[in-house]
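So for the sequence shown, my numbering puts the first residue at 329; every next one is plus one.
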Amino acid sequence: MRRPGVLLIGSLLYLSVVFGVMLWRGVSIEPEWVVLALLVIAIALGRGLTFIADWGPFLLLFFAYEAMRGFAAKTGFAPHDLSGLEQVAFGGMLPTLTLQHAFYRVETVSPQDVIAMFFYFMHFPMPIVVGFVFWLRSRDHFHHFIGALLLMAFLSFVTYLFWPSAPPWYQFQEGHVPPSQVVHKILNETVDKLWGSNYFVSPLYTHLNPNQFAAFPSLHAAFPALAAVYAWNRFRVLAIGLVAWTTAVLLSIVYLGEHYVVDAIDGFLYVAVATVLVEGFVRWRARRSGPTPARPSA
Numbered sequence: 329m330r331r332p333g334v335l336l337i338g339s340l341l342y343l344s345v346v347f348g349v350m351l352w353r354g355v356s357i358e359p360e361w362v363v364l365a366l367l368v369i370a371i372a373l374g375r376g377l378t379f380i381a382d383w384g385p386f387l388l389l390f391f392a393y394e395a396m397r398g399f400a401a402k403t404g405f406a407p408h409d410l411s412g413l414e415q416v417a418f419g420g421m422l423p424t425l426t427l428q429h430a431f432y433r434v435e436t437v438s439p440q441d442v443i444a445m446f447f448y449f450m451h452f453p454m455p456i457v458v459g460f461v462f463w464l465r466s467r468d469h470f471h472h473f474i475g476a477l478l479l480m481a482f483l484s485f486v487t488y489l490f491w492p493s494a495p496p497w498y499q500f501q502e503g504h505v506p507p508s509q510v511v512h513k514i515l516n517e518t519v520d521k522l523w524g525s526n527y528f529v530s531p532l533y534t535h536l537n538p539n540q541f542a543a544f545p546s547l548h549a550a551f552p553a554l555a556a557v558y559a560w561n562r563f564r565v566l567a568i569g570l571v572a573w574t575t576a577v578l579l580s581i582v583y584l585g586e587h588y589v590v591d592a593i594d595g596f597l598y599v600a601v602a603t604v605l606v607e608g609f610v611r612w613r614a615r616r617s618g619p620t621p622a623r624p625s626a
């Protein structure tokens with residue numbers, strides 16, 4: 329008989345080695361690699377076919393979303409500048425500039441650059457791994473979580489389509505603002521320093537042409553927050569860890585110049601909307617499919 333604790337520890341060690349080697353070798357951690365790694369665990373558990381049946385549709389829908397996200401960049405709508413809103417919220421200062429002036433050094437790679445890059449790159453793998461934990465315990469709970477995740481992604485896509493917004497690194501580029509106001513795209517600069525042109529991104533994503541004006545809402549902040557919401561009642565310790573993870577992601581995306589704080593706050597609002605809609609639909613469907621009263625016999 330398999331011990332759940334031993335299985336969980338073994339799975340986490342396995343995933344840590346896989347993801348660690350990928351990062352070390354400069355390979356982008358993308359959803360398809362994560363799902364393949366989880367498939368190995370599912371096969372070892374004797375649940376390979378069930379895994380394919382449950383995760384296959386999610387992966388197809390996710391790639392459809394990614395393809396459409398690139399299309400949203402070609403609609404012709406001018407990107408909005410949210411730096412004014414950010415400054416209003418923070419008394420005239422920009423948290424991104426404050427963090428970069430305090431911690432970023434252009435000439436070298438600092439530990440905080442690597443840590444922030446790690447949290448940024450785990451944007452897709454983290455909710456997939458958490459979803460796998462849900463799937464191991466309850467397929468219904470997994471379906472609810474994935475439903476909310478996809479709904480939130482598509483609601484965000486509609487926002488990106490009609491209301492694109494520029495991230496800090498785009499709005500405060502060198503040559504367009506005074507040197508003291510330049511926001512560095514730390515992610516790209518760190519990747520170049522560590523791997524140069526050897527950093528590998530799947531050709532699938534290269535051809536999808538991701539949208540650089542998909543900043544508001546921030547799905548980087550929303551994904552771990554949604555995972556925390558769905559873990560809260562069933563996996564309290566995991567949920568608390570995910571709250572801490574979400575905080576780390578928030579600091580990372582602001583420091584890297586990829587998002588404003590207001591992008592993340594809006595992402596949390598999308599979490600609330602998606603959760604309410606999905607759970608409301610689940611309750612409505614449960615009432616509709618409830619037991620019908622027995623008819624009196626003739």
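Glycine residues also receive a C-beta, built at the ideal position from the N, C-alpha and C atoms.
Does the distance from the C-beta atom of SER411 to that of TYR598 stay below 9 Å?
-> no
Who are GLU607's beta bridge partners in DSSP?
-> According to DSSP, GLU607 bridges with nothing at all.
Cα separation between PHE609 and PHE482?
-> 17 Å
Nearest-angstrom beta carbon gap, TRP463 and GLY585 [assumed within contact, 8 Å] = Their Cβ separation, rounded to whole angstroms, is 35 Å, which puts GLY585 and TRP463 out of contact at 8 Å.
For THR424, collect the residues of the same chain with a Cβ closer than 6 Å to its Cβ; drop the 5 residues on either side in sequence, then sort them by chain order.
-> PRO496, VAL511, VAL582 and GLY585
Report back the beta-carbon spacing between VAL363 and ILE456 to the nearest angstrom; my notes put them in contact at under 8 Å.
-> 7 Å
If you draw a straight line from the C-alpha of ALA444 to the C-alpha of TYR432, how long is it?
-> 11 Å
So, ALA542 versus VAL557, is the Cβ gap smaller than 9 Å?
-> no
Apart from the five residues just before and just after PHE460, which ones in its own chain have a Cβ nearer than 7 Å to its Cβ?
-> LEU366
9 Å Cβ cutoff met for VAL434 and GLU517 | yes
For VAL457, which three-state DSSP category applies?
-> helix
How many whole angstroms separate the CB atoms of PRO359 and LEU341, which I take to be in contact at a CB cut-off of 8 Å?
-> Not confirmed; about 21 Å, so no contact.
Cβ-based burial, THR378 [other Cβ within 10 Å; buried from 16] | exposed
Would DSSP call ALA494 helix, strand or coil?
-> strand
Taking 9 Å as the CB-CB limit, is VAL606 close to chain D?
-> Given the protein chain composition of this structure (a single chain), no chain D is represented.
Alpha helix (DSSP H) segment containing GLU586, residue limits = Looking at the DSSP string, GLU586 is not in any alpha helix (DSSP H), and its letter there is neither H nor E.
Cβ atoms of PHE405 and TRP491: under 9 Å apart, would you say?
-> yes
Measuring CA to CA, which of GLN509, ALA417 and LEU343 is closest to MET450?
-> LEU343
Which of the three DSSP states, helix, strand or coil, is assigned to MET329?
-> Only weak support is given to the placement of MET329: the predicted model assigns it a pLDDT of 45, under 50, and the value that follows is read from those uncertain coordinates. It is coil, neither helix nor strand.
Using alpha carbons as the reference points, say which of LEU427, PRO552, ASP468 and ILE380 lies closest to MET480.
-> PRO552
The alpha helix (DSSP H) spanning GLU517 covers which residue range?
-> 514-522
Helix, strand or coil for VAL437, going by three-state DSSP, please let me know.
-> coil
List the endpoints of the continuous alpha helix (DSSP H) containing GLY412.
-> 411-417
Which same chain residues, not among the five before or five after PHE452, have their C-beta less than 6 Å away from its C-beta?
-> PRO359
Who are VAL505's beta bridge partners in DSSP?
-> GLU502
Backbone CA spacing between PHE500 and ALA494 [nearest angstrom] | 10 Å
Where does GLY374 land, buried or exposed, given buried means 16+ other C-beta within 10 angstroms?
-> exposed
Neighbourhood of HIS429 by C-beta, 7 Å cutoff - its chain only, sequence neighbours within 5 removed | none
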